[in-house]
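Asker: This is the structure I want to talk about, given as structure tokens.
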Amino acid sequence: MTLDRKGKALLVLALVTVVAMAFRVSWNALRDVARAIGADDTAATLYPVVVDGLMALALVATLVLVGPDRTFALRVLGTYTLASLVLNYVHGLVPGLHGDSVDWGRLADWDPANYALVLLATSLPVGAIYFGSDLVAKILDHRPAPAPEPMPEPAEPASVPVAGRSMPVPVEPATDVPVLGPWTPVAELTGGTGGTGTGTGPDLYIPAEQDGTGLGAEPTPEPPEPSVVPPVPDPGSGTTGSGSEVRDDTVFGRQVGEVRNWLREEPELTGTAIGTRLGTSDAYGRRVRRAALHTAGAAV
């Protein structure tokens, strides 16, 4: 239970009241003991204030100090409380202390007890000076401990890549590439190297997907080709005519692969333009174009 400010004030007031009443009860006993050890009237009147006053000071120091200083204040409080209890007990056992019938310096009939009681009663004022000064110095030098700072929350550990484990690499979406639409295959010409005079006519009809109107263009009929196919020139060697059929097929297949790549980038490329790039006739260019389109359709 936590007391509020008003509750703490009432608690302190109750403590002061109890201490004051206890001080008044102990007053007569300590005053008579002081007279028995030779104190005059003024000293005997102040003697209870010295003893019980130091007890009150030690109580305050116990509430303020911490650690070893608090332990020291508790020891002082316990020692003076026990001494006051003994003197009050002697005052109750010796009726002569209540008046002037007791000899000066005589607190007990047994000499050792008398010597001890006189030593105790005379040492309390001197001890009050020493212990009281020490307790006041400790209270003035006391500094409250600073409030502990809140501990920061531990940060989450950063993820560390594990050695030997490859991190996923983001894959960019493939860009749109031109795709050849459906087409009608035309039988390859069996011979002839002659071509059109101008080479401007289309070789095949344009697929409907690639025509802007969506209707498609009608194929233009091919001019008749001669029945004799001349030898295919080899672009790499510069020789013509005398190579074997295997060599011709190899060159033709390589040229078909190149034209297929050209058509992927330029679908509108005509046979005339292909023949120009290959350094051959228009008819040969159309033949290679048809073969490239045919192989592209078969691959799809």
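Add 33 to the 1-based position in the sequence shown for my numbering, that's all there is to it.
All C-beta atoms in this analysis are idealised placements derived from N, C-alpha and C, irrespective of residue type, glycine included.
1. Between the Cα of Arg-319 and those of Ala-62, Leu-302 and Ala-329, spot the shortest distance and give me the residue it belongs to.
2. Can you give the Cα-Cα distance for Thr-35 and Asp-102, rounded to whole angstroms?
3. Take Ala-77 and list the residues in its own chain whose beta-carbon comes closer than 6 Å to its own, dropping the five residues that flank it on each side.
4. Have a look at Val-321, Ala-89 and Ile-70 and flag the residue whose alpha-carbon is nearest the alpha-carbon of Leu-110.
5. Would you report the Cα separation of Leu-44 and Asp-167, rounded to the nearest angstrom?
6. From Ile-70 to Leu-87, what distance separates their C-alpha atoms?
7. Cα separation between Thr-305 and Ala-316?
8. Please look up how many angstroms separate the CB atoms of Arg-293 and Ala-329, rounded, as I've assumed it's under 8 Å.
9. Measure the Cβ-Cβ separation of Leu-79 and Ala-116 and say whether it is below 8 Å.
10. Would Thr-313 be called buried (16 or more neighbouring beta carbons within 10 Å of its own) or exposed?
11. Do you know how far the Cα of Ile-172 is from the Cα of Tyr-113?
12. By the three-class DSSP mapping on this structure, what secondary structure does Leu-44 have?
13. Are any of the Cβ atoms in chain B nearer than 8 Å to that of Gly-71?
14. For the alpha helix (DSSP H) holding Ser-156, just list the boundary residues, first then last.
15. For Asn-147 versus Leu-157, is the C-beta spacing smaller than 8 Å?
16. Shortest alpha-carbon distance to Pro-177 belongs to which of Asp-74, Leu-96 and Gly-308?
17. Quick check: the Cα distance between Ser-260 and Glu-298, rounded to an integer number of angstroms?
18. Please report how far the alpha carbon of His-175 lies from the alpha carbon of Ile-162, in whole angstroms.
19. In the region 55-123, which residue ranges form an unbroken alpha helix (DSSP H) of at least 4 residues, counting only runs that do not cross its ends?
20. Looking at the structure shown, is Val-52 part of a helix, part of a strand, or coil, going by DSSP?
21. Within the continuous alpha helix (DSSP H) that includes Leu-140, where are the two ends?
22. What does a CB cutoff of less than 7 Å around Phe-164 pick up in its chain, not counting 5 residues either side in sequence?
23. Beta-carbon separation of Leu-118 and Ala-106 under 8 Å?
24. For Pro-81, count the other beta carbons within 10 Å of its own beta carbon; 16 or more makes it buried, fewer makes it exposed. Which is it?
25. I want to check one thing, is the minimum distance from the CB of His-327 to the heavy atoms of the ligand PLP below 7 Å?
26. For Val-83, I'd like the list of residues in its chain whose CB is within less than 6 Å of its CB, leaving aside the five on either flank, ordered along the chain.
27. With distances taken Cα to Cα, identify the nearest neighbour of Thr-126 among Ala-62, Pro-179 and Thr-75.
28. Within the continuous alpha helix (DSSP H) that includes Thr-309, where are the two ends?
29. By Cβ distance below 8 Å, which residues in the same chain neighbour Ile-307 in space, the five residues on each side in sequence not counted?
Answerer: Let me lay it out:
1. Leu-302
2. 26 Å
3. Arg-64, Ala-67 and Arg-68
4. Ala-89
5. 27 Å
6. 20 Å
7. 7 Å
8. 6 Å
9. no
10. buried
11. 19 Å
12. helix
13. Looking at the structure shown, chain B is missing, and only one protein chain is on hand.
14. 144-174
15. no
16. Leu-96
17. For Ser-260, the predicted structure reports a pLDDT of 41, less than 50, and the residue's modelled location is therefore unreliable. A value from the coordinates is still provided. The straight-line gap from Cα to Cα measures roughly 33 Å.
18. 20 Å
19. 74-97
20. helix
21. Careful: Leu-140 lies outside any alpha helix (DSSP H) and carries neither H nor E.
22. Leu-87 and Val-109
23. no
24. buried
25. With respect to the ligand PLP, the structure offers nothing, as it holds no ligand at all.
26. Pro-158 and Ala-161
27. At residue 126 the sequence reads Leu, which differs from the Thr that was named. The candidate whose alpha carbon is nearest that of Leu-126 is Ala-62.
28. 304-311
29. Val-292, Trp-295, Gly-318, Arg-319, Val-321 and Arg-322
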